[in-house]
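**Student:** Under the working numbering, think of the first position of the sequence shown as 1, with each following residue one higher.
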Amino acid sequence: MKAITYRAYGGPEVLEYGDVPNPKVGVDTVLVRVKAAAVNPVDWKIQAGYLDTVMDTVFPVIPGWDVAGVVEETGVGVTEFAPGDEVIGYVREDFVSRGTFAEYVAAPVRTLARKPAGLSFEEAAGLPLAGLTAYQALTRSLRVRAGETVLVHAAAGGVGSLAVQIARSLGARVIGTASEYNHAYLRGLGAEPVAYGEGLSDRVHALVPQGVDAVLDLVGGDALKVSPGLLAEGGRLASAVDGAVLGLGGGYVFVRPDARDLEALTELAERGELRVDVAAAFPLEQAADAQRLNREGHTRGKIIITVA
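1. If we count the other Cβ atoms within 10 Å of its Cβ and call it buried at 16 or more, is residue 116 buried or exposed?
2. With distances taken between CB atoms, is the gap from residue 66 to residue 126 smaller than 8 Å?
3. Could you pull the start and end residues of the alpha helix (DSSP H) that residue 121 belongs to?
4. Label residue 81 either buried or exposed according to how many other C-beta atoms from any shown protein chain fall within 10 Å of its C-beta, with 16 as the threshold for buried.
5. Name the one or two DSSP bridge partners that residue 112 has.
6. Assess contact between the region 292-301 and the region 34-49, defined as three or more Cβ pairs (one per stretch) separated by less than 8 Å. Is contact present?
7. Measuring alpha carbon to alpha carbon, tell me which residue in 258, 9, 234, 159 is nearest residue 250.
8. Please report the Cβ distance between residue 101 and residue 35, rounded to the nearest whole angstrom; I am assuming they are in contact, meaning their Cβ atoms lie under 8 Å.
9. Do the region 234-248 and the region 211-220 make contact, defined as three or more Cβ pairs closer than 8 Å?
10. Secondary structure at residue 23, three-state DSSP: helix, strand or coil?
11. So residue 26 and residue 106 are supposed to be a Cβ contact under 8 Å. How far apart are they, rounded?
12. With the cut-off set at 8 Å, would you say residue 273 and residue 136 are in Cβ contact?
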């Protein structure tokens, strides 16, 4: 099969396009014919070696954790899916080697759910990692309830835009930080936008004088530092990007594969409460260009790799 691989840590320049052996189908795995995969910051951070101390790496590595595709074959222990089923997955294993930037991926069944019927493969591929991050942060770490007010930092990004919609589906009022360029976009998602930078605290308190019930940080740094001062009494704080949140009394979120949570996202999408915006799409052989664009950090929505 054709795939993207890298044989040593580095930047986009280490990515190679070529032939690799087809993956074997284990007892509890599903062979998925990949239609689309999403690019996430964690892909190039792993590729740069940033997670080497916490995850074993087996070279050559096929990058990518997000996938949307069609079931080609199932392992003998799999009863949840059958050939021809359309699925999505956050295909993360306990080591780094067998990713989704390929024509096929052997995905553990625990990482998969059915694809939302109303989403294209490109849109669906952008849902798993970003959607699970937002969903698990809001429902588990922050325990958001109807009637509460949630502040989402970087609300126009891949995770942030989904977090806005998920929080709204939970019945929350949502305030989102973003550049002024993205304010109209956030209003379209149902959020009240506020600008980044100096005076952020005043702008948030002008909207919610008593403070917000929960803050989801997707920026880190200065945005995280000011967040405790934006909380109402008893408010909760979580970050998916900056471990310094632990020293501020909040929780750190590292997304986990979870088929039930993925199914919840599928149901939200099928009810029309969750959409995925595709910022750009690249063919598999141009994965390095897709990664370069993702590293710039200025896109709205998801960057997708398509596989014929």
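Just so it is clear, CB atoms sit at the ideal spot from N, CA and C, and this is done for glycine as well.
**Tutor:** For this structure:
1. Your numbering for residue 116 matches position 116 in the sequence shown. With 16 or more neighbouring CB atoms inside 10 Å of its own CB, residue 116 falls in the buried class.
2. The count along the sequence shown starts at 1 and reaches residue 66 at position 66. The count along the sequence shown starts at 1 and reaches residue 126 at position 126. Yes.
3. For the purposes of this step, residue 121 is taken as residue 121 along the sequence shown, with counting starting at 1. Element bounds for residue 121: 121-125.
4. Numbered from 1 along the sequence shown, position 81 holds the residue referred to as residue 81. So residue 81 ends up on the buried side.
5. Here residue 112 is taken as the residue at index 112 of the sequence shown, counted from 1. Per DSSP, 89.
6. Counting C-beta pairs with one atom in each stretch, the region 292-301 and the region 34-49 have three or more that are closer than 8 Å, which means they touch.
7. Translated into positions along the sequence shown, residue 250 becomes position 250. Shortest Cα-Cα distance from residue 250 to any of 258, 9, 234, 159 involves 234.
8. Position 101 of the sequence shown, counting from 1, holds the residue named residue 101. Position 35 of the sequence shown, counting from 1, holds the residue named residue 35. The beta-carbon separation of residue 101 and residue 35, rounded to 13 Å, does not stay under the 8 Å limit for a contact.
9. Two segments are said to touch when three or more pairs of C-beta atoms, one from each, lie closer than 8 Å; by this definition the region 234-248 touches the region 211-220.
10. Counting from 1 along the sequence shown, the entry for residue 23 is found at position 23. The three-state secondary structure of residue 23, taken from DSSP, is coil.
11. Indexing the sequence shown from 1 puts residue 26 at position 26. Indexing the sequence shown from 1 puts residue 106 at position 106. So it is a contact: roughly 7 Å between Cβ atoms.
12. Residue mapping note: residue 273 aligns to position 273 of the sequence shown, counting from 1. Residue mapping note: residue 136 aligns to position 136 of the sequence shown, counting from 1. Not in contact: residue 273 and residue 136 (Cβ atoms no closer than 8 Å).
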